[in-house]
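S.K.:
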Amino acid sequence: MMPEFQIACPQNLADAITEASRLQGEVLFVNGGTDLILELRSGQKKADWLIDLSQVPELQSLPTLENGMLKLRSGVTFTRLSTDPLVRKHARCLAHAGEQMGSAQIRNRATLGGNIASASPAGDSLPALAALEAEVTIEGSEGARTLTVAEMLAAKEKTLKARELVTEILIPLAEQGIERRSTFTKIGSRTQVSIARLNLAAVMELEHGVIRKMRLAVGAIGKAPLRLYEFEKEWEGKAVKAESAGKIAGEIAGTLAEFLTKTVDQAIPGRHSQAYKRQAVQALAFDVVAELFPEQGLGQGGGGNGGR
Amino acid sequence: MAEDKGVKQLATPERQAAAAEQTLKYVGRNLPLHDAVAKATGKIQYTGDMNFPGMLQAKILFSPLAHARIKKIDASAALALPGVAAVFSHENTPQTLYNSQVWFAGQEARADERLFHDTVRFVGDRVAAVVATDKKIAAKALGLIKVEYEELPALFDPEEALTENAVEIHPGGSPFFEKEFGCGNPSETFKQAELIVEDRVETPKIHHAAMETHVCIAVPDHSGKITVYTPCQILYSVRLVVAEVLGLPYNKVRILKTPMGGSFGGKQEVTIEPLAAFFAQATGKPVKIEYNRQESIISTRTRTRTIGYVRTAVDQNGKILAREVKTIVDTGAYTSNGAIVSMAMGKKLFRLYRIENQVYRVQAVHTNTPVAGAARGYGSPQIHAITEINLDHVANRLGLDPVEFRLRNLVHPYDEDLSGGPSLGNARIIDCVEEGAKLFRWHERRTQAEAGRSTNGRFRRGVGMACATHSNGYFGAFQDFTTMTLRMLEDGSMILNSGIHELGCGTVTTMKQIIAEVLDINPDRIEAPEGDTETSPYDVGSQASRVTHICGAGALKAARKVKEIFRREASKILGCEPEDVVMRSEIVWSKHKPEEKMTYGEMVRLIQQKNRTEIIATETYQAADNPGSYGANFVEVEVDTLTGLVRVIDLLAVHDVGKAINPGFVKGQIYGGVQMGIGLALSEDLQIDPKSGKAKGDSFARYHLINAPDMPSVEVLLIEKGGDLGPFGAKSIGEIATCPTAPAVVNAVNHALGTNLTTLPLTPERILAALNE
Ligand SMILES: Cc1cc2nc3c(=O)[nH]c(=O)nc-3n(C[C@H](O)[C@H](O)[C@H](O)COP(=O)(O)OP(=O)(O)OC[C@H]3O[C@@H](n4cnc5c(N)ncnc54)[C@H](O)[C@@H]3O)c2cc1C
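If you read the sequences in order, they're chains A and B.
The end of the first sequence is residue 1731 by the working numbering, with every number in the run present.
The end of the second sequence is residue 819 by the working numbering, with every number in the run present.
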């Protein structure tokens, strides 16, 4: 049942920040409400005031490119993430996360800012943001600061303080002449409308057939997505020549699958879900690599839940 | 209206019947649900939408513990909260023991429920209730009630319930019900059998997942009468239990069936109505109880968890020589329908295959888990999962194709039930399987799936099927009849007065179509209000897959009687013999004077004026048969061997329904039944924690129904060969629709993987574990 609270509807960012520090009692932000409303109803969260961010234009405007960055506002919806041409071009894994998150109705309301602030271990945007090495701008009455997603999630309680806002998400673009490929995939209990039991995002940058950058983050096996640093290093600098791409892709998939199993074993030893996840996570490896090397036709046989 | 004058032909009964078949005007048509538009446009008033002046809201405090004695309840803080009208618990409510599933007066059943007990027996059992001016206050007050518990040892595993020192949940412990019946001499036959294949199959507790959660309103009046508005399945069951608990005469309890937002058996039993009725009686105010999803999941009814041990003996030719089926039926913390559903399961065993030597043994047990009860199929999905999975195992061991193996053993039309039940009637399961296999391209697909497997890729295809049977009413087990009053009004419109319940299956429209067919009247001109115990004649209720077969026959009988009366009375007006009265498209005339036509309404008025009578008939139809409804599902699946996720690609459902009064409704039932069946096979489970007894699957975030993206394309083939006593030959579909699905899916998965998975649901974890074996 919905408890009682008052609601403030600031019309610009400055007012939102002022309201947040001025209002008395428990003050919470609401954007899409797809997490918060449920938590209020169930009593997990209590609020005297909700500050509705959905009418703050600075948080709702469309993605733009600025200073070598893809700039997203925290109010961007998952539907927008999945369809926006800039996101699809520069941060495809985030667009894929947008497609595979929730249902159409949820995607229409749920925001990236809400997903980051909720910081659920299974949050679908988070591995994508981690793999893209995104930065988050946080603003409050004491000013603004910027953290990487990894920093922010590493210690959520300390970093995003009460009455502080996520305003922007900045994603560095690939450098000139470098081709970025990226994708995201997840495993839930069913094809759609399913919280991830495992999710994985991958970013690969190529320059003249050489892997310049490899970034992967796996979610739902810890509080925050885990970056696969060791694996990334192993592949950076390797050549992917057209003739041998299929073989390399196969090798990447194989080693990634093994690496992921190891990662799961280390992340959740003895957990009930370990037996399942250590094996299922391999599917993510194959799906992701198939998407990174689309010309190799590795996605044969159904492609799993892999980034459609 | 042109009359076919010139045509004069002596008609034989067969020819007449054949002609009638061809010229059916309303039966066999896809008319829409009578309230579909109102539902789709939000205009319908569900119980949750209804309000009464001065109405209070009740919220229930549910037990957080699986088994505990309530030492003390301190409600003083709750009572002090402004807006709280009363707090109820075992201390101030009737001690009457009742059983939630009795549907007729004098029915024997173990009565172990109470509005509130001083002992709680599962997480979700009722501890207390607050009745307040609104829900928020009631919820707040719940948090102020202090309860002291003395925890008792708890029991969650049905097989553990049968062990010697098991926790005693009710006096006498488990099993609280045991039965054995059968035919022939299975134990001797087993001794000589060439091949015996054994399995242990387990089906989970599931939630019905109707869109509308449980809700009802009770309204008291100055005379002490209580009126209950409830989306129920059996009005007279609600009246019985409410009257018993409140100590009221039956005529001081009035039950009104409200629009149904889905039931699937979940609202068949009497769960919240006696609470609301008592609160209304005690406070003198209307009281509404409306559960949220979690409350509906854990504290109403579930499907029984069932463990089956099955042994099947066959000869080399694939003839089933004998079978032994033992089940352990977990009814949860209270008895509910535990005994009856145990029997219902067993009876199906004797109605699908010709098995001359067979025995069924059941033990029903209590556990400290949510209470089981009626659930679409009433035990059939469980027992068919148990036996149909085993039969594929047998076929596999014999090296026989599962379709071929079944065809060698399936029952034939008009076979007898060897355990002594009613005749099977025009049982057309062989047609279902033969025609289904053809349409599905069974052999081709099986072969293809097997060929694809040799490549040992990540995704494996499998093709499976299963058969099932279900009942058509209670004939042969309990009294089954219905009484209906049908009237024609002065404008030719009609009212059917009966105790029907629309559950969303199309009952109201079905009755209209049947009456319309007999009287040649537009179905829109017939009103068929749902039941009201004060004004409707008696009906057994929407249960046992009886409504179309029995109530439909009742409507047919009443319509025929009205037609007879109408023609008799009209003949007096028209000056002819009753046989000469022609009724067509709401126009009536004497065949001798075709130029003198009038509407049915004009005729009714003349009958009132001149004959001083009305066109009304009250007829009782007594069930006289209980044929089997039959169905077979053919399924193709794809299993991801890395994730253990199963995709059902394609499904064909073939059903022997006798005659589809409204094929659209029949298909609707099948689509929904398939959706529930796939859920039972793959994902639905309350997931009771073996330590705390808490249901992990107590919300839709963690209880996974099959949703639209995961639904396969479902093709339906109907076998319509009539031959039994239902209206126009109609048999049931609502329950049988879900019965073959789960085992067909499981068989397909086992085919894909070469496994013998037998514990439902086949979760990704279970599939991977089996692959790793
Ligand atoms: C049916 C359903 C399916 C779902 N499926 C998925 C899924 O597949 N994957 C997934 O990741 N999630 C899923 N979710 C969860 C949810 O939709 C997401 O986490 C969503 O991104 C939350 O965004 P929101 O705008 O609705 O946040 P809200 O509910 O408005 O807010 C969530 C939290 O974030 C805070 N907040 C919101 N915006 C800001 C901001 N700008 N700055 C600071 N704090 C803020 C709020 O105070 C609140 O604590 C699902 C939810 C539902 C109901």
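Note that beta-carbon positions come from the ideal geometry of N, C-alpha and C, so glycine has one too.
Determine, using beta carbons only, whether P1550(A) and L1623(A) come nearer to each other than 8 Å.
M.R.: The sequence position of residue 1550(A) within the first sequence is 127, counting from 1. The sequence position of residue 1623(A) within the first sequence is 200, counting from 1. In contact: P1550(A) and L1623(A) (Cβ atoms closer than 8 Å).
S.K.: Could I get the ranges of all uninterrupted alpha helix (DSSP H) runs contained in the region 171–259 of chain B, with 4 residues as the minimum, in chain order?
M.R.: 181–188 and 232–238, all fully within the region 171–259 of chain B.
S.K.: Flag L1476(A) as yes when its Cβ comes closer than 7 Å to any non-hydrogen atom of ligand 1, and as no otherwise.
M.R.: As a working mapping, residue 1476(A) is identified with position 53 in the first sequence. Yes - ligand 1 has a heavy atom lying nearer than 7 Å to the Cβ of L1476(A).
S.K.: Hey, is the region 596–607 of chain B in contact with the region 550–563 of chain B, meaning 3+ C-beta pairs nearer than 8 Å?
M.R.: Contact between the region 596–607 of chain B and the region 550–563 of chain B is present, because at least three Cβ pairs lie under 8 Å.
S.K.: Name the DSSP beta bridge partners of T528(B), please?
M.R.: The residue you call residue 528(B) lines up with position 482 of the second sequence. Bridge partners of T528(B): D585(B) and Y667(B).
S.K.: Would a check of beta-carbon distances place R1568(A) closer than 8 Å to chain B?
M.R.: Residue numbering aside, residue 1568(A) sits at position 145 when the first sequence is read from its first letter. No, R1568(A) lies away from the interface with chain B (no Cβ there is under 8 Å from its Cβ).
S.K.: So what does DSSP say about M757(B), is it helix, strand or coil?
M.R.: Taking the second sequence and counting its residues from 1, one reaches residue 757(B) at position 711. In this structure, M757(B) counts as coil in the three-state DSSP scheme.
S.K.: Can you look up C1516(A) in the DSSP assignment and give me helix, strand or coil?
M.R.: Numbered from its first residue, the first sequence carries residue 1516(A) at position 93. Correct three-state label for C1516(A): helix.
S.K.: Return no unless some Cβ of chain B is closer than 8 Å to the Cβ of R1731(A).
M.R.: For the purposes of this step, residue 1731(A) is taken as residue 308 along the first sequence, with counting starting at 1. Residue placement at R1731(A) cannot be trusted, given a pLDDT of 28 that sits under 50; what the coordinates show is reported in the next sentence. Output row for R1731(A): interface = no.
S.K.: Could you tell me whether any non-hydrogen atom of ligand 1 is closer than 7 Å to the CB of N1454(A)?
M.R.: Here the question's residue 1454(A) lines up with position 31 in the first sequence. Yes, the Cβ of N1454(A) comes within 7 Å of a heavy atom of ligand 1.
S.K.: Go ahead and pull the three-state DSSP assignment for Y399(B).
M.R.: In the second sequence, the residue the question calls residue 399(B) occupies position 353. Three-state result, Y399(B): strand.
S.K.: Leaving out five residues on either side along the sequence, give the residues of the same chain with a beta carbon under 6 Å from the beta carbon of P221(B).
M.R.: In the second sequence, counting from the first residue as 1, residue 221(B) sits at position 175. The answer, listed in chain order, is Q409, A410 and V411.
S.K.: Report the neighbours of T1502(A) on chain B: residues whose CB is nearer than 7 Å to its CB, in chain order.
M.R.: For the purposes of this step, residue 1502(A) is identified with residue 79 of the first sequence, where counting begins at 1. By Cβ distance, chain B contributes nothing, its closest Cβ being about 16 Å from T1502(A), past 7 Å.
S.K.: Along the alpha helix (DSSP H) that carries T1678(A), what are the first and last residues, could you check?
M.R.: To locate residue 1678(A), count along the first sequence from 1; it is residue 255. A1668 to A1690 is the extent of the alpha helix (DSSP H) around T1678(A).
S.K.: Counting along the chain, where does the alpha helix (DSSP H) carrying K484(B) start and finish?
M.R.: Taking the second sequence and counting its residues from 1, one reaches residue 484(B) at position 438. Here the alpha helix (DSSP H) through K484(B) covers I475 to F486.
S.K.: Please decide whether T805(B) counts as near chain A, where near means a Cβ-Cβ distance under 8 Å.
M.R.: Numbered from 1 along the second sequence, position 759 holds the residue referred to as residue 805(B). No, its Cβ sits nowhere closer than 8 Å to a Cβ of chain A.
S.K.: Shorter than 7 Å, the distance from the beta carbon of T1686(A) to the closest heavy atom of ligand 1, or not?
M.R.: Taking the first residue of the first sequence as 1, we reach residue 1686(A) at position 263. Not under cutoff, so the answer is no.
S.K.: Do you know offhand how far I1539(A)'s Cα is from Y1699(A)'s?
M.R.: For the purposes of this step, residue 1539(A) is identified with residue 116 of the first sequence, where counting begins at 1. For the purposes of this step, residue 1699(A) is identified with residue 276 of the first sequence, where counting begins at 1. Approximately 27 Å, taken between the alpha carbons.
S.K.: Tell me which same chain residues have a C-beta within less than 6 Å of the C-beta of T515(B), skipping the five on either side of it?
M.R.: On the second sequence, position 469 is the one that residue 515(B) refers to. Cβ neighbours of T515(B) beyond the five flanking positions: K394, R397, L398, G674 and Y676.
S.K.: Is the CB-CB distance between K334(B) and M644(B) below 8 Å?
M.R.: By one-based count along the second sequence, residue 334(B) stands at place 288. By one-based count along the second sequence, residue 644(B) stands at place 598. No, they are not a contact pair.
S.K.: With hydrogens ignored, establish whether the beta-carbon of A1619(A) is closer than 7 Å to any heavy atom of ligand 1.
M.R.: Taking the first sequence and counting its residues from 1, the one referred to as residue 1619(A) is at position 196. Answer for A1619(A): yes, Cβ within range of ligand 1.
S.K.: How about G1537(A): is its Cβ closer than 7 Å to a heavy atom in ligand 1?
M.R.: Along the first sequence, read from residue 1 onward, the residue named residue 1537(A) stands at position 114. Correct: G1537(A) has its Cβ closer than 7 Å to ligand 1.
S.K.: Using 8 Å as the limit for Cβ to Cβ distance, is A1431(A) near chain B?
M.R.: Locating residue 1431(A) in the first sequence gives position 8, where the first residue counts as 1. Answer no: the Cβ-Cβ gap between A1431(A) and chain B never drops below 8 Å.
S.K.: Kindly say whether A1527(A), judged by its beta-carbon, lies nearer than 8 Å to any beta-carbon of chain B.
M.R.: Translated into the one-based positions of the first sequence, residue 1527(A) becomes position 104. It does not: the Cβ of A1527(A) has no partner Cβ on chain B nearer than 8 Å.
S.K.: How far does the alpha helix (DSSP H) with D392(B) in it extend, from its first residue to its last?
M.R.: Position 346 of the second sequence, counted from the first residue, corresponds to residue 392(B). Note that residue 392(B) is Gly in the sequence shown here, rather than Asp. Segment G384 to K394, the alpha helix (DSSP H) holding G392(B).
S.K.: So, helix, strand or coil for G1725(A), using DSSP?
M.R.: Mapped onto the first sequence, residue 1725(A) falls at position 302. Only weak support exists for where G1725(A) lies, its pLDDT of 36 falling under 50; the coordinates are left without a value.
S.K.: Pairing CB atoms from the region 559–577 of chain B with CB atoms from the region 731–745 of chain B, are three or more of them under 8 Å?
M.R.: These segments do not touch.
S.K.: For my contact list, V720(B) and V760(B) are in at a C-beta cut-off of 8 Å; report their separation, rounded to the angstrom.
M.R.: Position 674 of the second sequence, counted from the first residue, corresponds to residue 720(B). Position 714 of the second sequence, counted from the first residue, corresponds to residue 760(B). With 8 Å as the limit, V720(B) and V760(B) qualify as a contact, their Cβ atoms being about 5 Å apart.
S.K.: Scan the region 1697–1712 of chain A for residues whose Cβ lies nearer than 8 Å to a Cβ of chain B and list them as they occur along the chain.
M.R.: Under the 8 Å Cβ criterion, the region 1697–1712 of chain A contributes A1698, Y1699, Q1702, A1703, Q1705, A1706 and F1709.
S.K.: Assuming A821(B) and A359(B) make a contact with CB atoms under 8 Å, what is their CB distance in whole Å?
M.R.: Chain B is shown from 47 up to 819; residue 821(B) falls before or after that span and cannot be answered.
S.K.: Note down, in chain order, every chain B residue with its Cβ under 7 Å from the Cβ of T1614(A).
M.R.: Locating residue 1614(A) in the first sequence gives position 191, where the first residue counts as 1. Near T1614(A) (Cβ distances below 7 Å), the residues of chain B are P755 and D756.
S.K.: Could you compute how far the alpha carbon of Q1615(A) sits from the alpha carbon of L456(B)?
M.R.: By 1-based counting over the first sequence, the position of residue 1615(A) is 192. By 1-based counting over the second sequence, the position of residue 456(B) is 410. Rounded to the nearest angstrom, the two C-alpha atoms are 39 Å apart.
S.K.: Tell me whether the region 575–590 of chain B and the region 616–624 of chain B touch, counting them as touching only if at least three CB pairs, one residue from each stretch, are closer than 8 Å.
M.R.: Contact fails: fewer than three Cβ-Cβ distances are below 8 Å.
S.K.: Beta-carbon of T821(B) versus every beta-carbon of chain A: anything under 8 Å?
M.R.: This structure gives no information on residue 821(B), because the portion of chain B shown stretches from 47 to 819.
S.K.: Compute every distance between the C-beta of G1525(A) and the non-hydrogen atoms of ligand 1, then say whether any falls below 7 Å.
M.R.: For the purposes of this step, residue 1525(A) is taken as the residue at position 102 of the first sequence. Yes - ligand 1 has a heavy atom lying nearer than 7 Å to the Cβ of G1525(A).
S.K.: With a floor of 3 residues, list each beta strand (DSSP E) that falls wholly inside the region 1568–1641 of chain A, ordered by position along the chain.
M.R.: For the region 1568–1641 of chain A, whole beta strand (DSSP E) runs of length 3 or above, ordered along the chain, are 1588–1595, 1602–1610 and 1621–1630.
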